[in-house]
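Chemist: I am attaching a structure below and will ask some questions about it afterwards.
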Amino acid sequence: MRTRYRFVIGHELLHGFDDYRIEERPSSSKRWLKKSTLKVFERRKQCLIRQYSKYCYEEHNACISGKRTINDNIADVEGIK
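Start counting the sequence shown at 1; every next residue gets the next number (full-length UniProt numbering).
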């Protein structure tokens, strides 16, 4: 039971670092992440998109859209850690 709560808390906290929140905001005068950090984030994000896009359900004749689910996938992967 505790593990489930820890996962949920970790998952929700890490939404603060998903694709929506990590990108630069044009209105911000201060950059909070280095360009090199953003490049690493983008590379790892693309890896997760490719990985999750490979999951298909034959009975529904459909595959998961790794691009559409990226924010939850980031939070899930990091929440497990």
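Built from N, CA and C at the ideal position, the CB exists for glycine as well.
Does Ala75 pass the burial test, meaning 16 or more other C-beta atoms within 10 Å, or should it be called exposed?
Modeler: The residue labelled residue 75 in the question sits at position 75 within the sequence shown. So Ala75 counts as buried.
Chemist: Buried or exposed for Lys45, please, with buried defined as at least 16 other CB atoms from any protein chain shown within 10 angstroms of its CB.
Modeler: Residue numbering aside, residue 45 sits at position 45 when the sequence shown is read from its first letter. Taking all protein chains shown into account, Lys45 has 16 or more neighbouring C-beta atoms within 10 Å of its C-beta and is therefore buried.
Chemist: Drop a sphere of 10 angstroms on the beta-carbon of Tyr55, count the other beta-carbons inside from all chains shown, and report buried for 16 or more, exposed for fewer.
Modeler: Taking the sequence shown and counting its residues from 1, one reaches residue 55 at position 55. Counting Cβ neighbours within 10 Å, Tyr55 comes out exposed, since fewer than 16 surround it.
Chemist: What are the uninterrupted segments assigned as alpha helix (DSSP H) that are 4 or more residues long and contained completely in the segment 30-70, given in chain order?
Modeler: Positions of the alpha helix (DSSP H) runs, each at least 4 residues long and wholly inside the segment 30-70, are given as 35-53 in order along the chain.
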